[in-house]
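Counting from 3, one number per residue, gives the positions in the sequence shown under my numbering. Glycine is no exception: its CB is placed at the ideal position from the N, C-alpha and C atoms. Owing to the predicted nature of the structure, the values given are computational and were not obtained by experimental measurement.
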Amino acid sequence: MVASSVYMKHRYIFVVGGVMSGVGKGTSSAALGLTLKARGFSVTAVKIDPYVNVDAGTMNPVEHGEVFVTIDGDETDQDIGNYERFLDENITSTNYMTTGRVYQSVIERERRGDYHGKCVEVVPRVPEEVIDRLEKAAKKAKADFVLVEIGGTVGEYENILFLEAIRMMKLKAPDDIRTVLVSYLPVPPSIGEMKTKPTQHAVREVNRIGINPEFLICRSEVALDAPRREKLSRFCGVLPSHIITAPNARSIYEVPKLFDEQGFADSMLKSFRLKSRKVADLAVWSALVGRIDAVEKPVKIGVIGKYFSTGDFILSDAYLSVLEAIKHAAWSINHKPVIEWLNSEAYEQDPSKLKELDEYDGILVPGGFGSRGIEGKIAAIQYVREHKIPYFGICYGMQCAVIEFARTMIGLADANTTEINAKTKNPVIHLMNDQAKKLKGTGIGGTLRLGSYPCVLARESISYRSYGSNTTDERHRHRYEFNNEYRQQLADAGLVIAGTSPDDRLVEIVEVADHPFFVGVQFHPEFQSRPLRPHPLFVQFVQAASERRR
Ligand code: GLN
């Protein structure tokens, strides 16, 4: 059970969504967190995903968007990435939960006999487990504020027990809990006027479970005007000063400033009867936003993947951190990132299409799984290697680069990864030792090589020069690896082994010399790129790309 003395020390701000998904709850939570942090408070953020999956790892990226990997190897939601980028802190597994994870704990408790013969009722047991987890996250981060984002939209069946957790927490310590509803206000072209009704309905939905949000964030194409603010205030029971307008921004990094100009963090503090601990300093963020607005020189990066289309629509969510990392790097060298999505399957159907790669300043192949589109990626990698177009391969992009090199430079025509062809005579990429064991177990969930591992960099390599150091720690998410049986042969043919695990058993980075930038990394550097601290490999890649443009 929840002891009030425990959660008195921490304050919780729940962020829920109304009207539709994708309105920017994650960005709103992260931005509010940042502005509170700027006022001298310690802040952490938790994401709750209402689906039954225990983690995001087993889901197709088209379904779910990117799987964001934490340093401690949790496969989480892309919003955790947003929190890390805004708060500039590593978020760990404690700060992520799903319905599956919560139920799993409750069931384990029941099996252990922890409920002492009681009937284990969904309420209060499930919300209690949620509250327990929130308190753990608060304690671990020694957080003055815990931002808790509840996935999905109010009124859905799925997230009801998480909303119930808010109600239960409020009952115990009403002064420590606030709820923010992020809602969408459409401006239907046929009407030409911003409509508040869907948001009023969303507030009613939250009311039904016994909560009235104290704050409203109004997402829309345009800013909220005075009459609509008044209307929302009256019908939703929210103070006008607690209604925050969030019109479309040029970049998400503008949102903290947008919130601050409306005194959002200050009203939030006031509602908790707290005062700012220091004058908020958002100068570095303002400078970043200024730079983003000012950059003019374009640098054009092509990203070759396959997790883009859902029905008639193109979504780049599956590669969110890659996208952000390219932007951070480009801005840091005063360039405007122009990112285009390239479908590798097109190169399989029509190899003459490869010529379009000439139009790009740099090509990136991000992580991926399975056979669809892989031959197109390999063909594209050969093209950019031979035409000296800067290339950055991440995870699958590194493995494909090794396959291409073995095929073209050593003549091993059937070189492959055993992920695609288990029987190939030349498995240059094969199953990692402990992965084979794991796969014999009960299933696939959480069985990859996950989380942060150290890597030692070879002197004289592009990577060593980029990092300016001989070691680094990077996050992983893969099952297959470079096959050491081919190490000598590949090295003799000119492939540079630029990074390995400290015991030299795992190849982590490969490079091609005599090329403006050709680097393949087994890890996911995109997860560690922050807007104010771009990742060194991305910076070098974008730098090389900008030089090609010149
Ligand atoms: N499918 C590859 C593996 O499992 C690469 C994974 C990835 O790109 N994240 O090793």
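Alpha-carbon to alpha-carbon, residue j and residue i
| i | j | result |
| --- | --- | --- |
| GLU612 | ILE211 | With the chain covering 3 to 552 only, the question about residue 612 has no answer from this structure. |
| ALA332 | GLU549 | 12 Å |
| GLY19 | TYR186 | 9 Å |
| SER95 | ARG477 | 14 Å |
| ASN435 | SER31 | 41 Å |
| ILE152 | ASP90 | 21 Å |
| ARG169 | ALA460 | 55 Å |
| SER107 | GLU130 | 11 Å |
| GLY1 | ALA348 | One cannot answer for residue 1 here, as it falls past the ends of the chain, which runs 3 to 552. |
| LYS302 | ILE391 | 12 Å |
| ARG633 | ALA515 | Any property of residue 633 remains undetermined from this structure, which presents the chain solely from 3 to 552. |
| PRO527 | PRO63 | 18 Å |
| VAL521 | ALA500 | 9 Å |
| GLU406 | VAL291 | 40 Å |
| ASP51 | LEU414 | 45 Å |
| SER273 | GLN530 | 34 Å |
| SER6 | LEU136 | Confidence at SER6 is low in this model, with a pLDDT of 43, below 50, so its placement is unreliable and the value that follows should be read with caution. One C-alpha to the other measures close to 13 Å. |
| ILE82 | LEU34 | 14 Å |
| SER503 | ASN472 | 12 Å |
| MET10 | LEU433 | Here MET10 scores only 46 on pLDDT, less than 50, and its place in the model is too uncertain to base an answer on. |
| MET3 | TYR255 | Caution applies to MET3, whose pLDDT of 44 falls short of 50 and renders its modelled position unreliable; the model cannot decide the point. |
| LEU486 | CYS402 | Reading the sequence as shown, one finds Asn at residue 486 and not Leu. So the two alpha carbons sit approximately 16 Å from each other. |
| VAL48 | VAL148 | 7 Å |
| ARG489 | VAL71 | 28 Å |
| GLN545 | PRO353 | 28 Å |
| ARG87 | ILE93 | 10 Å |
| PHE543 | HIS537 | 10 Å |
Closer than 8 Å: residue i CB and nearest the ligand GLN heavy atom
| i | result |
| --- | --- |
| PRO368 | yes |
| GLN490 | no |
| ARG477 | no |
| GLY399 | yes |
| PHE371 | yes |
| THR419 | yes |
| ILE396 | yes |
| HIS526 | yes |
| GLU513 | no |
| LEU441 | no |
| HIS480 | yes |
| LEU325 | no |
| GLU91 | no |
| LEU344 | no |
| LEU450 | yes |
| GLU2 | Because residue 2 is not part of the residues shown, which for the chain are 3 to 552, the question remains open. |
CA nearest to the CA of residue i, picked from the options
| i | options | result |
| --- | --- | --- |
| GLN491 | GLU483, ASN418 and MET411 | MET411 |
| THR419 | GLY372, LEU136 and GLY448 | GLY372 |
| LEU356 | SER346, HIS66 and ASP363 | SER346 |
| ALA493 | ARG507, LEU508 and VAL512 | VAL512 |
| VAL404 | LEU38, LEU497 and VAL25 | LEU497 |
| CYS397 | GLY157, SER44, LEU366 and GLY26 | LEU366 |
| ARG374 | GLY364, GLN351, ARG489 and ASP363 | GLN351 |
| TYR265 | ASP283, ARG532 and ILE246 | The sequence as given places Gly at residue 265; Tyr does not occur at that position. Here the closest residue by C-alpha is ILE246. |
| LYS299 | ASP363, PRO242 and GLN542 | ASP363 |
| PRO188 | VAL21, HIS537, SER454 and ALA547 | VAL21 |
| GLN80 | TYR321, THR100 and ALA139 | TYR321 |
| VAL541 | ASN92, ASP262 and HIS337 | HIS337 |
| ASP283 | GLY42, ALA547 and ARG13 | GLY42 |
Residues bridged to residue i [DSSP beta-bridge criterion]
| i | result |
| --- | --- |
| LYS302 | VAL340 |
| ASP79 | VAL69 |
| ILE246 | ILE219 |
| PHE209 | For clarity, residue 209 is Asn in the given sequence; the question names Phe instead. Its beta-bridge partners do not exist; DSSP assigns none. |
| TYR482 | LEU433 |
| ARG286 | It should be pointed out that residue 286 corresponds to Val in this sequence rather than to Arg. Bridge partners of VAL286: none, in fact. |
| THR94 | Beta-bridge pairing links THR94 to no other residue. |
| LEU149 | ILE15 and ALA47 |
| VAL182 | VAL17 and PHE217 |
| MET196 | DSSP, once it has assigned bridges, lists no residue as partnering MET196. |
| GLY453 | HIS478 |
| ASN418 | PRO429 |
| LEU497 | VAL514 |
| THR100 | ASP51 |
| ARG532 | ARG535 |
Contact with chain B by residue i, beta-carbon distance below 9 Å
| i | result |
| --- | --- |
| ARG103 | The structure shown has no chain B; it contains just one protein chain. |
Okay, do the stretch 455-468 and the stretch 419-435 touch, 3+ Cβ pairs below 8 Å being the bar? no
Can we say the stretch 374-391 touches the stretch 323-343, given the rule of at least three CB pairs closer than 8 Å? no
Decide if the stretch 478-488 is in contact with the stretch 442-462; the criterion is three or more beta carbon pairs, one per stretch, under 8 Å apart. yes
Cβ contact check for the stretch 214-221 and the stretch 180-196: 3 or more pairs under 8 Å: yes
Cβ contact check for the stretch 195-208 and the stretch 232-240: 3 or more pairs under 8 Å: yes
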